[in-house]
Amino acid sequence: MRASLYRSVLLKTLRRPPRLAPLLNLARYRLARHTGARTVRHTPVSLVVYLTKRCNFSCEFCYAQDTLNLPDHRKNELTREQFQRILDSPFGRNALRIGLLGGEPFLNRNILEYFRMLNERRVISTVVTNCALIRDEHREAFRKDAPTVFGLSLYDNNREAVARTAGILNSLRHPYWIQTVIRADRLEEMESAARFATEIGCKHLLFSNYYPTGRKGIERVVFDDHPGYPEAREAVERSHGSRLAIKWMTLIPAAVRDPLARPPTRKHCEMPKSYVHIDNLGDLGGCCMRTPDGSRFGNIFEESDPWNRPFYQDLRAQMADDSLPPEDHCRYCECWVDDLYGI
45 MRASLYRSVL LKTLRRPPRL APLLNLARYR LARHTGARTV RHTPVSLVVY LTKRCNFSCE
105 FCYAQDTLNL PDHRKNELTR EQFQRILDSP FGRNALRIGL LGGEPFLNRN ILEYFRMLNE
165 RRVISTVVTN CALIRDEHRE AFRKDAPTVF GLSLYDNNRE AVARTAGILN SLRHPYWIQT
225 VIRADRLEEM ESAARFATEI GCKHLLFSNY YPTGRKGIER VVFDDHPGYP EAREAVERSH
285 GSRLAIKWMT LIPAAVRDPL ARPPTRKHCE MPKSYVHIDN LGDLGGCCMR TPDGSRFGNI
345 FEESDPWNRP FYQDLRAQMA DDSLPPEDHC RYCECWVDDL YGI
């Protein structure tokens, strides 16, 4: 999936090339990637901005579930002024890709304006949505201003909404992918999702492994010794592989069930050097599985060099040392096994 989807993103980017600052920042990152440096001179290549901490779904596997729909959620609703401040910061100026996330991003009433602001910046932009709030009237808005690529999250209860959104994007010939989480006890959902994606004209399908939030649900993780996985994957490839580009889930090495075991593969996660989450107040999240928390991960408006905090330095050192088992938060995450973004 990665090559075919990236190709369409690359063509759009070539038509409207990024500014110089993100390209220079990318070059600094590429140099740092091949060193074991704990301290880096670049800012994140990929910046993901939380538009809201509200969500209209309640998913048991959501890594952010403890931070969503809280009584004080209004303080985390991104305003135009706050978004402009993020874009004007060194983190915003240097990012090559800026993603929009939530909660559910379309709960923020200004989201179409944010698409326009990102297009004016000429960055690669993404949004991940459960599609429940997208209607046919969004077609013309998306024709005028839309992120570079959409990610449509597929669940048991939103197939109609995903199909409606896919129909809009298909009519605009706009790139998107469908993503869904697969559990070890529900491998049959790979076939169901692939059949659905094929029927609605989707070209790109992404399977994610289950992530046990708070170590709950480890039995649902698909490990590399799962006896039924090879056959289930082969059946899906045989039925749908010619019409659908599939990014298969990364299997977690079974050896990590032992917290002291040395992993049987080297660590691939580049997020401590390339990627960060940020909320409307400037608080950072440690990676794609760590929600923003200024006290732990820093704040871009309150510190001169938040991305070189001891937390990030220690995580970079940990990921660079293949002799160490992955730390507890990373143990069942796909990212250390595979560089999912391939920047």
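Numbered according to our numbering, the sequence shown spans residues 45 to 387. C-beta: ideal position from N, C-alpha, C; glycine also.
When secondary structure is reduced to three states using DSSP, residue 81 falls in the coil class, being assigned neither helix nor strand.
Contact between residue 167 and residue 226 fails: their C-beta atoms lie close to 31 Å from each other, not under 8 Å. Between the alpha carbons of residue 151 and residue 308 lies a distance of about 42 Å.
Per the C-alpha coordinates, the member of 213, 92 and 359 positioned closest to residue 335 is 92. Shown here, residue 206 sits in a helix according to DSSP, grouped into three states. The C-beta separation of residue 216 from residue 194 comes to about 10 Å, leaving the pair out of contact by the 8 Å criterion. For residue 128, the enclosing alpha helix (DSSP H) begins and ends at 124-132. DSSP, reduced to helix, strand and coil, places residue 351 within a helical segment of the structure shown. In the three-state scheme derived from DSSP, where H, G and I count as helix and E and B as strand, residue 332 is classed as coil. Secondary structure note for residue 241: its alpha helix (DSSP H) is the uninterrupted segment 233-243. Under the DSSP assignment, residue 251 falls in the beta strand (DSSP E) whose first and last residues are 248-253. Counting C-beta atoms within 10 angstroms of its own C-beta, residue 148 has 16 or more neighbours from the protein chains shown and is therefore classed as buried. In the three-state DSSP reduction, residue 382 falls in the coil class, being neither helix nor strand.
Nearest in C-alpha terms to residue 250, of all of 232, 270, 198 and 202, is 198. By the Cβ neighbour-count rule, residue 86 is buried, with 16 or more other Cβ atoms within 10 Å of its own.
If you draw a straight line from the Cα of residue 296 to the Cα of residue 252, it comes to about 11 Å. For a cut-off of 8 Å, the C-beta gap from residue 89 to residue 51 is around 19 Å, too long to register as a contact. Beta-carbon to beta-carbon, residue 207 and residue 178 are separated by about 11 Å, too far to satisfy the 8 Å threshold.
Cβ neighbours of residue 145 within its own chain (closer than 8 Å, five residues either side excluded): 92, 93, 94, 95, 171, 172 and 321.
In this structure, DSSP gives residue 56 a helical state, which the three-state scheme calls helix.
The alpha-carbon of residue 81 is positioned some 8 Å away from that of residue 360. Rounded to whole angstroms, the separation of the alpha carbons of residue 128 and residue 255 is 33 Å. About 13 Å separates the beta carbons of residue 317 and residue 380, which is beyond the 8 Å limit, so they are not a contact pair. In this structure, residue 212 sits away from residue 165, with a CB-CB distance that is not shorter than 9 Å. Around the beta-carbon of residue 303, fewer than 16 other beta-carbon atoms lie within 10 Å, marking it exposed. DSSP, read as helix, strand or coil, puts residue 120 in helix. Between residue 120 and residue 323, the beta carbon gap of about 6 Å places them in contact (Cβ cut-off 8 Å). Residues 315 of the same chain have their beta carbon placed closer than 6 Å to that of residue 331, with the five preceding and five following residues left out of the count.
CA-CA distance, residue 209 to residue 175, rounds to 6 Å. With a beta-carbon spacing of about 6 Å, residue 190 and residue 159 fall inside the 8 Å limit used to define contacts. For the pair residue 238 and residue 117, the Cα-to-Cα distance works out to about 36 Å.
Taking the CA atoms as reference points, residue 67 sits about 16 Å from residue 133.
Here residue 355 is actually not in contact with residue 326; their C-beta atoms are around 16 Å apart, not less than 8 Å.
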